[in-house]
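Asker: Input: one structure, supplied below.
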């Protein structure tokens, strides 16, 4: 029988079982790395460094995980904090020049396939809209969970999801049914 | 397609657009960077603390002429008036209770990772 995240966390807490923590990393690495790749606009090297930092922080602070939220939600929060701190260091966060960032994406580079168009459209969203869309629509978090991860009010998350969805729909209108 | 169906379709496309990322040694790299298991560190700390405590006790015993200062201190304590003794016990109780409350509060306010 496969152990649940809770069982593995208990083993880490009681026995400091690093194999159990390894299993947690294996289970969640794809979603955490995927989220960070989207947040960093597919900068794989930085995203993977941040993902490593995320799991190291998770290990060091696992005693502060109270099980009130899903383990994945807790990890997303750490990942988002790592991303935010890194972006601040790189002066790319809230004061970010969106126009400059958008100009970095050459539309001709975009793949004609829907998947690539979707990822491209996603990368054009503002950071806050993108984060909300990634957490709620792609990773299946509720608005409340996303608000906790992003540390912003619930209403702001709902607004960002709504706006992000509208922009994605507009960007992908050409793919809609005729 | 109505609004809800459009949203569902968009969410599905978003999920499908995020493929599973193969581990490719990622977990191993994370595990390599973990600090050594706590059990080893804890037992080493316990051994050091116990050793220092035993050494200090032995030293204190030898230097205090076979622990004579304890007998003297107890004799002085028993010679104190009852009211003083009560005040001393009450003060000690308050002191340790305050210490316990401070520790409990610091444990409760867990740091955010």
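Residue numbers (our numbering), protein chains in the order written: chain X, 1 to 178; chain W, 1 to 113.
Just so it is clear, CB atoms sit at the ideal spot from N, CA and C, and this is done for glycine as well.
Quick caveat: nothing in here was measured; it's all calculated off a predicted structure.
Starting from the beta carbon of residue 59 of chain X, find every residue of chain W whose beta carbon is closer than 7 Å, and list them in chain order.
Answerer: Within the first chain, the letter at position 59 stands for residue 59 of chain X. In chain order: 34.
Asker: Who are the near neighbours of residue 82 of chain X in its chain, counting only those whose CB is closer than 6 Å to its CB and skipping five residues on each side?
Answerer: Within the first chain, the letter at position 82 stands for residue 82 of chain X. Excluding positions up to five away in sequence, the list reads 50, 53 and 54.
Asker: Against chain X, which members of the segment 13-31 of chain W pass a CB distance test of less than 9 Å?
Answerer: Result list: 13, 14, 15, 16, 17, 18, 19, 20, 21, 22, 23, 26, 27, 28, 29, 30 and 31.
Asker: If the criterion is Cβ atoms closer than 8 Å, does the pair residue 14 of chain W and residue 118 of chain X meet it?
Answerer: Reading the second chain from its first residue, position 14 is the one you call residue 14 of chain W. Reading the first chain from its first residue, position 118 is the one you call residue 118 of chain X. Their beta carbons are under 8 Å apart, which means residue 14 of chain W touches residue 118 of chain X by this criterion.
Asker: In chain W, what lies closer than 8 Å to residue 26 of chain X by C-beta?
Answerer: For this step, residue 26 of chain X is matched to residue 26 along the first chain. Neighbours of residue 26 of chain X on chain W, chain order: 23 and 27.
Asker: Whose C-beta lies closer than 6 Å to the C-beta of residue 5 of chain X among residues of the same chain, with five residues either side of it excluded?
Answerer: The count along the first chain starts at 1 and reaches residue 5 of chain X at position 5. Here the set comprises 71.
Asker: Between the Cα of residue 137 of chain X and those of X:162, X:61, X:89 and X:148, spot the shortest distance and give me the residue it belongs to.
Answerer: To locate residue 137 of chain X, count along the first chain from 1; it is residue 137. Nearest option by C-alpha distance: X:162.
Asker: Would you decide whether residue 100 of chain W is buried or exposed? Buried here means 16 or more other CB atoms lie within 10 Å of its CB.
Answerer: As a first step, residue 100 of chain W is located in the second chain; it is residue number 100 there, counting from the start. Residue 100 of chain W comes out exposed.
Asker: Roughly how far, in whole angstroms, is the beta-carbon of residue 26 of chain W from the beta-carbon of residue 43 of chain X, given that I think they are within contact range, below 8 Å?
Answerer: Stepping through the second chain from its first residue, residue 26 of chain W is reached at position 26. Stepping through the first chain from its first residue, residue 43 of chain X is reached at position 43. Contact flag wrong, Cβ pair sits at about 16 Å.
Asker: At the level of alpha carbons, what is the spacing between residue 19 of chain W and residue 10 of chain W?
Answerer: Mapped onto the second chain, residue 19 of chain W falls at position 19. Mapped onto the second chain, residue 10 of chain W falls at position 10. So the alpha carbons of these two residues sit roughly 16 Å apart.
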